[in-house]
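Remarks on the structure that follows.
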Amino acid sequence: MRIVGVVGFSESGKTRLITRLIRAFRGKGFRVAAVKRCSHGFTLDTEGKDSADFSQAGADGVAMIGPDRWAAIGTAADADPSRLAAGLFPDADIVLVEGGKDVRGLRKIEVLRGEATPIASRPDELIAVVSDGPVPGTAAPVFRPDDISGIADLILARGEADMTEIRLEVDGREINLNAFVQTFIEKTVVGMVTSLSGVDPEPRRIRLEIDRPAGPAKGGPKP
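The numbering used here numbers the first residue of the sequence shown as 59 and each following residue consecutively.
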């Protein structure tokens, strides 16, 4: 799963770029999902509807399922878009996140409105810039807004290079992990570890071993 943020100031062209990228990836046969960060909040609960009653009663999450689509509402003080995307869209090959300049660890493509607009993304998170004009002072590649094919190819290439390597061994046997499980483990473990005092907020390598005490067998491995 490749998760990339498309960031920029208001009216910079983020939505248009994501829409065109979705069409391009779908044309190549990839499964694509999109996540929209709403800095001013949003609501899908209509007063008087059952979903609003569930939320007001204190439900931590509410889902609505129709004949051809579904929607979910959850509560979170500051949801991590990568972790959320991995949980909601486990079958997606690519997830495009609109917004999130302040989200640490999210690979970003920044869309600029003009030459005078400063780059807001951290250099180590910026994988490309989309601009009508030259962008001095950045090491990231610069694309024209209409170069959708080039931007799509970059996302596909960088996605493989940026994937975290996770190895899981259970009783000496290495277990194969799909992209969804790897992303879920990474976000969960990193989130817990970095909340501890004295831990670097951007650790490069984490090693975790769990030695469980011997006990009575509760059945064999799953087939």
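Glycine residues also receive a C-beta, built at the ideal position from the N, C-alpha and C atoms.
Note that the structure is a prediction, hence the values are computed from the model and not measured.
Taking each of I131, A178, V187 and G195 in turn and checking the Cα distance to F112, the smallest one comes out for I131.
The alpha-carbon separation between F67 and D138 amounts to approximately 20 angstroms.
Counting only the Cα atoms, G124 lies some 43 angstroms from R263.
The beta carbon of T252 is closer than 6 angstroms to those of P259 in its chain, skipping five residues each way along the sequence. Counting only runs that start and end inside the stretch 188-232, the beta strand (DSSP E) elements of at least 3 residues fall at 226-228.
Excluding its 5 nearest sequence neighbours in each direction, D149 has C-beta neighbours in its own chain below 7 angstroms: R89, listed in chain order.
Rounded to the nearest whole angstrom, the C-alpha separation of D229 and P261 is 26 angstroms.
A Cβ-Cβ distance of about 17 angstroms is found for the pair P199 and A178, leaving them out of contact under the 8 angstroms criterion. Listed in chain order, the alpha helix (DSSP H) elements of length 4 or more contained wholly in the stretch 130-191 are 139-146. Check the Cα spacing between G163 and each of T241, S70 and L75: the tightest is with T241.
By a beta-carbon distance limit of 8 angstroms, V188 contacts V169. Their separation comes to about 5 angstroms. One thing to note: E156 has its Cβ within 8 angstroms of the Cβ of R95.
Annotated three-state conformation of R60 is strand, per DSSP.
With 16 or more other CB atoms across the displayed protein chains lying within 10 angstroms of its CB, M59 is buried.
Beta bridge pairing from DSSP links M122 with A129.
The Cβ atoms of L75 and P192 lie no closer than 8 angstroms to each other. In terms of Cα proximity to R165, the closest of V93, A129, R216 and A115 is R216. Of S140, E227, K159 and V248, the smallest CA-CA separation from I268 is found for E227. About 33 angstroms separates the beta carbon of R171 from that of E244, a gap too long to meet the 8 angstroms contact definition.
Inter-residue distance for T196 and P181 is about 8 angstroms (C-alpha atoms, whole angstroms).
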